[in-house]
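Numbering (the numbering used here), first residue to last: 1013 to 1071. For each residue, glycine too, the CB sits at the ideal point set by N, CA and C.
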């Protein structure tokens, strides 16, 4: 499994936990969905940033 996939799986677990806590705290559904979408976007950006291959230096 690639490190990108592991990063995203970990991010999904974190988002799932935060969504569950927000649900238990009776946060309105639209805010839970909006927060999950924002966190998912941030997770994808973070995964791409941390797992991309560096460009070789130009000679």
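Same chain, Cβ closer than 7 Å to residue i, five either side skipped, listed in chain order
{"i": "residue 1035", "result": "1044"}
{"i": "residue 1070", "result": "none"}
Beta carbon of residue i nearer than 8 Å to that of residue j
{"i": "residue 1016", "j": "residue 1061", "result": "no"}
{"i": "residue 1059", "j": "residue 1019", "result": "yes"}
{"i": "residue 1052", "j": "residue 1021", "result": "no"}
Residues of its chain near residue i, where Cβ-Cβ distance is below 6 Å and the 5 sequence neighbours each way are ignored
{"i": "residue 1023", "result": "1055"}
{"i": "residue 1031", "result": "1044, 1048"}
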